[in-house]
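Undergrad: Below you will find the structure I want to go over with you.
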Amino acid sequence: MSISTRTWSRSVAVVALLALVAGCEDPDARSAASTAKSKATELEARVAKLESDLKNLQSAVDSTRGSLQNKINEDMEKVQNRVRQVEEDLTKKLDGKSDELSKDLRDQLESVRRDFDGRLKNKIEVDVAESFQNVRKEIEKARTELLGFMDNQLKELYPYAYQPKRMDPNAAPEKPQE
0 MSISTRTWSR SVAVVALLAL VAGCEDPDAR SAASTAKSKA TELEARVAKL ESDLKNLQSA
60 VDSTRGSLQN KINEDMEKVQ NRVRQVEEDL TKKLDGKSDE LSKDLRDQLE SVRRDFDGRL
120 KNKIEVDVAE SFQNVRKEIE KARTELLGFM DNQLKELYPY AYQPKRMDPN AAPEKPQE
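Position one of the sequence shown corresponds to residue 0 (numbering that gives the first Met the number 0), numbered consecutively onward.
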C-alpha cells in the first residue's frame, strides 16, 4: 500500500467513527468529532494535493527524462558525425601522404636508375676502351712479331735481296746485316 492509500484509509475510518459519534448527545464528543472531521477533510485535501504534486513530479520527471534522452541522442549524433568527419579527414591525409610517398619513391628509384645507368655506361665505355687498347697492343705486338718473322724468313731465303730499311724503293739493295 502506498502512503496516499494508507492516509485515505485512515481518513475514511475517522469519518466512519465520526458518523457513529455524531448520533451521540455529548457536546464534547460532538466537538471532538467535528474537529476530527475538519482535520480529516484537511488531511483529505492535503492528500489530494500531494497526489496531484506526485503526478506533476512524475510527469516532470518523465518530461525531463525524455528531454535528457533527446539531448543525449542529439549529442551522440554530433559526436558520431564529428568522429566520422575526423576519420574522413585522416583518410584523406593518409591518401595524400601515400601519394606523396609513392611519388618520392618513384623519383628516388628513377634517380638511382639514372645513376646506375650512368655508372654502367661509364664502366662499359672504360672497359671497352681498355679492351680496344689491349687489342691494339696485341695486334701491334703480333704485327711486330710477324714483321720480325717475315724479315727473318726473307733474310734466310733471299739474303742477297734482303734490305730491312729501304729509303727509296728504286735504290740498289744494301748489303744484308748479320
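We treat Cβ as the ideally placed atom computed from N, Cα and C, and that holds for glycine.
To the nearest angstrom, how far is it from the Cα of M0 to the Cα of S33?
TA: The residue labelled residue 0 in the question sits at position 1 within the sequence shown. The residue labelled residue 33 in the question sits at position 34 within the sequence shown. Note that M0 scores a pLDDT of 46, beneath 50, so its modelled location is shaky and nothing firm can be said.
Undergrad: Where does G95 fall in DSSP's three states?
TA: In the sequence shown, residue 95 corresponds to position 96, counting from 1. It is helical.
Undergrad: Could you tell me if A39 is buried or exposed, where buried requires 16 or more neighbouring beta carbons within 10 angstroms of its beta carbon?
TA: In the sequence shown, residue 39 corresponds to position 40, counting from 1. A39 is buried by the Cβ-count criterion.
Undergrad: What is the DSSP secondary structure of D25, counted as helix, strand or coil?
TA: Counting from 1 along the sequence shown, the entry for residue 25 is found at position 26. Reduced to three states, the DSSP call for D25 is coil.
Undergrad: By how many angstroms is the C-alpha of L104 removed from the C-alpha of L131?
TA: Counting from one through the sequence shown, the residue named residue 131 turns up at place 132. Counting from one through the sequence shown, the residue named residue 104 turns up at place 105. Here the sequence assigns Phe to residue 131, which means Leu is not the residue at that position. Distance between the alpha carbons of F131 and L104 is about 39 Å.
Undergrad: Given M75, which residues of its chain have a CB within under 8 Å of its CB, disregarding the five upstream and five downstream residues?
TA: Within the sequence shown, residue 75 is the residue found at index 76, counting from 1. Once the five neighbours on either side are set aside, M75 has no close Cβ partner at all.
Undergrad: Alpha carbon to alpha carbon, how far is R29 from S37?
TA: Position 30 of the sequence shown, counted from the start, is the residue given in the question as residue 29. Position 38 of the sequence shown, counted from the start, is the residue given in the question as residue 37. Going from the Cα of R29 to the Cα of S37 covers about 12 Å.
Undergrad: Tell me whether M0 sits in a helix, a strand or coil according to DSSP, three-state version.
TA: As a first step, residue 0 is located in the sequence shown; it is residue number 1 there, counting from the start. Low local confidence applies: a pLDDT of 46 at M0 is under 50, so the model's placement there is unreliable, with the coordinate-based value given in what follows. If DSSP states are grouped into helix, strand and coil, M0 belongs with coil.
Undergrad: Have a look at V78 and K96 and give me their C-alpha separation to the nearest angstrom.
TA: The residue given as residue 78 occupies position 79 in the sequence shown. The residue given as residue 96 occupies position 97 in the sequence shown. Taking the straight line from one Cα to the other gives about 26 Å.
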